[in-house]
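When we follow the UniProt record's numbering, the leftmost residue of the sequence shown carries the number 1, and every step to the right adds one.
These notes concern the structure reproduced below.
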Amino acid sequence: MRDMSAQSFNRPGAVDLSDLSARAHTSTTAAPSGPGGASWVATVSDEQGFNDYIQKSMQHPVLLEFTSVKANTQAMDADLDRITNEAAGRWILVRIDVDAAPQLAQALNVQALPTILPVVAGQPIAQPIQGTLSADQITQLTDQVTKVAVANGIAGSAAPVSQAPAAAPDDAAAPDPRTAAAEALVQQGRYADAVAAYDELLAKTPNDPVLTAGKVGAATLQRLDGKDPAALVAAADAAPGDLDAQLAAADAELMGGDPGKAFNRILAVIRTTRDEDRDRARVRLLELFSMVGEDPAVAQARRSLAAALF
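Next comes the structure, spelled out in structure tokens:
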């Protein structure tokens with residue numbers, strides 16, 4: 001089970017979802033399947049199946065749920081199934097019954113049931129989340145996971161893991177063919193080439209929000225390539241007047257799953273600078289907005305930006 005060691009849980013840039021675990025409780029909601037009876041919920045009971053889905057996380061986010069009949073998670077599972085299938089391929093939910101596959105729980109040092117572990121690009125991106133979650137908490141979790149995936153060049157929709165026999169193929173589940181080559185370059189670590197690929201696409205379709213977000217994500221990864229996110233943040237905190245340090249730290253904070261902190265850092269720069277420095281910070285902030293998309297943090301930061309400029 002390559003890449004899935006306990007050491008990965010504390011890697012730099014992981015999303016802090018501890019608040020979800022601290023506020024976890026049981027909820028009740030029905031769990032319909034997705035469009036046309038399609039489902040993005042899989043059940044795994046052996047190491048081969050587990051490894052197959054870890055491999056799929058290179059193309060799409062995967063949520064691992066470790067559970068058991070004894071854990072009484074039926075209500076949360078219904079919410080997870082419903083929210084996953086309504087998302088229609090933005091991620092795959094993999095449910096692991098620890099009674100049937102205790103070796104998987106032991107390998108990942110699962111301490112309590114239920115436990116949810118989000119995985120992107122073969123790596124956990126957060127500490128394991130223990131305890132039952134409400135529907136709102138699940139939505140909060142999946143929103144953060146998909147943002148981290150997009151920021152790492154993983155976009156598009158996964159094909160269903162199962163489909164009702166009478167259902168027609170779901171065209172919406174296919175990855176965006178326009179961005180496939182650029183996304184592949186990002187996954188290979190060829191960030192400059194990915195930026196160039198997105199530029200070619202944008203020349204044909206200017207201002208396309210998906211292409212713009214992809215380009216910004218690739219450019220951000222290029223700036224961060226080979227750098228320690230924690231060191232960037234520490235350097236910026238030690239030098240509040242260093243524009244380059246502040247922008248680099250904002251990149252690290254955004255890619256680490258905290259867009260609000262990244263936005264606030266750049267807003268502080270805008271409030272205390274003028275002319276070229278201020279404009280450079282403003283442009284970077286707008287770029288990061290395009291990558292995050294619709295999010296309460298973006299709406300709030302836009303209001304703060306307007307106030308700072310006018």
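Quick reminder that beta carbons are idealized off the backbone N, C-alpha and C, glycines included.
**Three-state class that DSSP yields for Asp295 in the structure shown** = coil
**Asked** Expressed to the nearest angstrom, what Euclidean distance is found between the alpha-carbon atoms of Ser39 and His60?
**Response** Straight-line Cα distance between these residues: approximately 15 Å.
**Message:** Please report the distance separating the alpha-carbon of Asp79 from that of Thr142.
**Reply:** 12 Å
**Request:** Please determine, among Ala71, Thr84, Pro118, Asp81, the residue with the shortest C-alpha to C-alpha distance to Gly131.
**Result:** Ala71
**Message:** Is the beta carbon of Val195 closer than 9 Å to that of Asn218?
**Reply:** What sits at residue 218 in the sequence shown is Ala, not Asn. Cβ atoms of Ala218 and Val195: closer than 9 Å.
**Prompt:** Looking only at its own chain, which residues have a Cβ that is under 8 Å from the Cβ of residue 312, when we skip the five neighbours before and after it?
**Reply:** In the structure as shown, the chain starts at 1 and stops at 310, and residue 312 therefore has no counterpart that could be examined.
**Request:** Please classify Ile266: does DSSP put it in a helix, a strand, or coil?
**Result:** In the structure shown, Ile266 sits in a helix (DSSP, three-state: H, G or I).
**Request:** Output yes or no for whether 9 Å exceeds the beta carbon distance between Val120 and Ile92.
**Result:** no
**Prompt:** Does the beta-carbon distance from Ile154 to Glu183 come in below 9 Å?
**Reply:** Yes. Within cutoff.
**Item:** Opposing strand residues paired with Ser162 [DSSP bridges]
**Value:** Ser39
**Message:** If you follow the beta strand (DSSP E) that Phe50 is in, where does it begin and where does it stop?
**Reply:** No beta strand (DSSP E) contains Phe50, which is instead part of the alpha helix (DSSP H) from 47 to 56.
**Asked** So Arg280 and Leu232 are in contact, right, with Cβ under 8 Å, and what is the actual spacing, rounded?
**Response** Taking 8 Å as the upper bound for CB-CB distance, Arg280 and Leu232 are not in contact here, some 17 Å apart.
**Asked** Beta-carbon separation of Gly189 and Asp176 under 9 Å?
**Response** No, the Cβ-Cβ distance between Gly189 and Asp176 is not below 9 Å.
**Prompt:** What is the DSSP secondary structure of Arg178, counted as helix, strand or coil?
**Reply:** coil
**Item:** CB of Arg178 within 9 Å of CB of Leu211, strictly
**Value:** yes
**Message:** Which same chain residues end up closer than 6 Å to Val216 when comparing Cβ atoms and leaving out the 5 residues on each side of it in sequence?
**Reply:** Glu287, Ser290, Met291
**Prompt:** Is it right to say Gln103 is buried, meaning 16 or more other beta carbons lie within 10 angstroms of its own, or is it exposed?
**Reply:** exposed
**Stretch pair the segment 258 to 266 + the segment 109 to 124: three plus CB contacts closer than 8 Å** = no
**Request:** In angstroms with no decimal places, state the Cα-to-Cα distance between Leu267 and Ala301.
**Result:** 8 Å
**Prompt:** Can you name, in chain order, every residue of its own chain whose Cβ lies under 6 Å from the Cβ of Leu202, other than the five neighbours on each side?
**Reply:** Excluding sequence neighbours, Leu202 sits near Leu211.
**Item:** Span separating the alpha-carbon of Asp136 from that of Asp275
**Value:** 42 Å
**Message:** Could you tell me the alpha carbon to alpha carbon distance between Arg271 and Ala235, rounded to whole angstroms?
**Reply:** 20 Å
**Request:** State buried or exposed for Asp251, treating a residue as buried only when at least 16 other CB atoms are found within 10 Å of its CB.
**Result:** buried
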